[in-house]
Ligand code: RB5
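Residue numbers (our numbering): 48 to 201.
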């Protein structure tokens, strides 16, 4: 029996109605869910949760991360500030597939206001099971080089 892969997971308040279903879906797929929490019924700030998941991913504590806010955009912006993270908003099944297969994304960001639970689950399955295609490695290396730059004249 192989090792169970861990998924770092967090949402903001907008995902209150779907977050437990999403966690159960991940467990049904065979993953261990590390839930970095959310704020219950209160409004909270998505960067706080993006940071927790991003750190776990960047430190290789988990296989990949799943973040949900209203659109996925805020979570992705915040998570991408952490070195080693490639976070992608996946707004349909194709972008979930390409984010994993082409962009080597290690965090997917989803929108609770822009997708149904069923769409969220379908995208998660695709993202987590699509292998990275090595022919895209050179481009990922270039992203890592940008990350290493102390300053960017742009
Ligand atoms: C919260 O209202 C909302 O701004 C947040 O969930 C997210 O959509 C940001 O990108």
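All C-beta atoms, glycine included, are put in the ideal place defined by N, C-alpha and C.
At a threshold of 8 angstroms, residue 155 does not count as near the ligand RB5, since its beta carbon sits no closer than that to any of the ligand's heavy atoms.
Take the alpha-carbon of residue 142 and the one of residue 106: they are about 25 angstroms apart.
Close to the ligand RB5, as judged by a C-beta nearer than 6 angstroms to any of its heavy atoms, are the residues 59, 61, 93, 116, 117, 118, 120 and 121, in chain order. Each residue's CA atom was taken as its position, placing residue 138 and residue 57 some 18 angstroms apart.
For residue 63, the three-state secondary structure derived from DSSP is coil. Going by DSSP, residue 155 is part of the beta strand (DSSP E) stretching over 154-158. If you look at residue 80, you'll find it in the beta strand (DSSP E) that goes 79-82. With a cutoff of 9 angstroms on beta-carbon distance, residue 173 and residue 72 are scored as not near each other. In the DSSP secondary-structure assignment, residue 114 is bridged to 57 and 156. Taking C-alpha positions only, residue 94 is separated from residue 49 by approximately 33 angstroms. In summary, residue 109 is buried, with 16 or more beta-carbon neighbours lying within 10 Å of its beta-carbon over all protein chains present. Straight across, the Cα-Cα distance linking residue 151 with residue 144 is about 10 angstroms. Spatial neighbours of residue 62 in its own chain (CB-CB distance under 6 angstroms, excluding positions within 5 residues in sequence) are listed in chain order as 115 and 159. When Cβ pairs closer than 8 angstroms are counted between the two stretches, the region 95-103 is seen to touch the region 124-133, the count reaching three or more.
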